[in-house]
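*Asks:*
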Amino acid sequence: MSIKYQDPLCEMAFADWFYENYGLSQGGRAQSIAKAAWEFAASVSRAQPKEEMQPVAWSDMKVAFDVEDDDALWSARDAGKLVLPKGWNLIETDGSGARWVAIFRVEHAPTIEEGARVRSAIDAALAAKDKP
Numbered sequence: 001m002s003i004k005y006q007d008p009l010c011e012m013a014f015a016d017w018f019y020e021n022y023g024l025s026q027g028g029r030a031q032s033i034a035k036a037a038w039e040f041a042a043s044v045s046r047a048q049p050k051e052e053m054q055p056v057a058w059s060d061m062k063v064a065f066d067v068e069d070d071d072a073l074w075s076a077r078d079a080g081k082l083v084l085p086k087g088w089n090l091i092e093t094d095g096s097g098a099r100w101v102a103i104f105r106v107e108h109a110p111t112i113e114e115g116a117r118v119r120s121a122i123d124a125a126l127a128a129k130d131k132p
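The numbering of the sequence shown is UniProt numbering, which starts it at 1 and goes up by one.
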């Protein structure tokens with residue numbers, strides 16, 4: 001079960017990390033604890049002053065989003081219709097369990113706003129698949 005948060009950047013990754021690292025089952029009390037922890041982290045993040053993008057210390061950053069149709073996403077990217085924030089690149093899709101994820105390489109520390117823009121770009125690309 002995937003917990004849906006208002007922040008699409010972490011809608012799946014945070015819950016999965018929490019469950020994996022704390023050994024709790026996905027549901028009930030564990031779900032409530034994960035949601036409360038994420039809401040606290042998000043409120044602290046919003047309270048921080050905005051900064052210019054800084055160089056990062058790590059060598060690679062990947063961010064994943066749920067995606068229902070990976071073929072439509074790749075088609076949108078190939079057609080130039082998947083508009084991403086600067087420094088974001090779609091690098092792969094992967095079927096993991098019962099869901100597909102789109103994996104992006106990010107060249108800097110991503111912001112929540114960028115994550116929301118990427119989620120919107122994915123949704124627009126998937127919505128456009130049925131239109132001529």
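Beta carbons: idealized from backbone N, C-alpha and C, even for Gly.
How would you label Leu9, buried or exposed, when you count the other beta carbons within 10 angstroms and need 16 or more for buried?
*Replies:* The residue you call residue 9 lines up with position 9 of the sequence shown. Note that Leu9 scores 46 on pLDDT, short of 50, meaning its location in the model is unreliable; the coordinates nonetheless yield the value given after this. Buried.
*Asks:* In chain order, which alpha helix (DSSP H) runs of at least 4 residues are fully inside the stretch 52-88?
*Replies:* Listed in chain order, the complete alpha helix (DSSP H) runs (minimum 4 residues) inside the stretch 52-88 are 70-78.
*Asks:* Could you pull the start and end residues of the alpha helix (DSSP H) that Ala127 belongs to?
*Replies:* Indexing the sequence shown from 1 puts residue 127 at position 127. First-last of the alpha helix (DSSP H) with Ala127: 112-128.
*Asks:* Could you please give the first and the last residue of the uninterrupted beta strand (DSSP E) stretch that includes Ala102?
*Replies:* Within the sequence shown, residue 102 is the residue found at index 102, counting from 1. Per DSSP, Ala102 belongs to the beta strand (DSSP E) from 99-106.
*Asks:* Within its chain, find whatever has a CB closer than 8 Å to the CB of Val67; leave out the 5 residues flanking it on each side and keep chain order.
*Replies:* Here residue 67 corresponds to residue number 67 of the sequence shown, with the count starting at 1. Cβ neighbours of Val67 beyond the five flanking positions: Leu73, Thr93, Trp100, Val101, Ala102, Ile122, Leu126.
*Asks:* Residues in its own chain within less than 6 Å of Ile91 by CB, not counting five upstream and five downstream?
*Replies:* Working through the sequence shown from its first residue, we reach residue 91 at position 91. Here the set comprises Ile103, Arg105.
*Asks:* For Glu114 versus Trp88, is the C-beta distance shorter than 8 Å?
*Replies:* Within the sequence shown, numbered from 1, the residue matching residue 114 stands at position 114. Within the sequence shown, numbered from 1, the residue matching residue 88 stands at position 88. Yes, they are a contact pair.
*Asks:* Identify which residue in Ala57, Ser59, Ala64 has its Cα closest to the Cα of Arg119.
*Replies:* Locating residue 119 in the sequence shown gives position 119, where the first residue counts as 1. Closest by alpha carbon: Ala64.
*Asks:* Pull up the distance between the alpha-carbon of Ala79 and that of Ala124, whole angstroms please.
*Replies:* Mapped onto the sequence shown, residue 79 falls at position 79. Mapped onto the sequence shown, residue 124 falls at position 124. C-alpha separation (whole angstroms): 13 Å.
*Asks:* Can you check whether the CB of Ala76 is closer than 8 Å to the CB of Leu84?
*Replies:* What you label residue 84 is simply residue 84 of the sequence shown in a count that begins at 1. What you label residue 76 is simply residue 76 of the sequence shown in a count that begins at 1. Not closer than 8 Å, so no.
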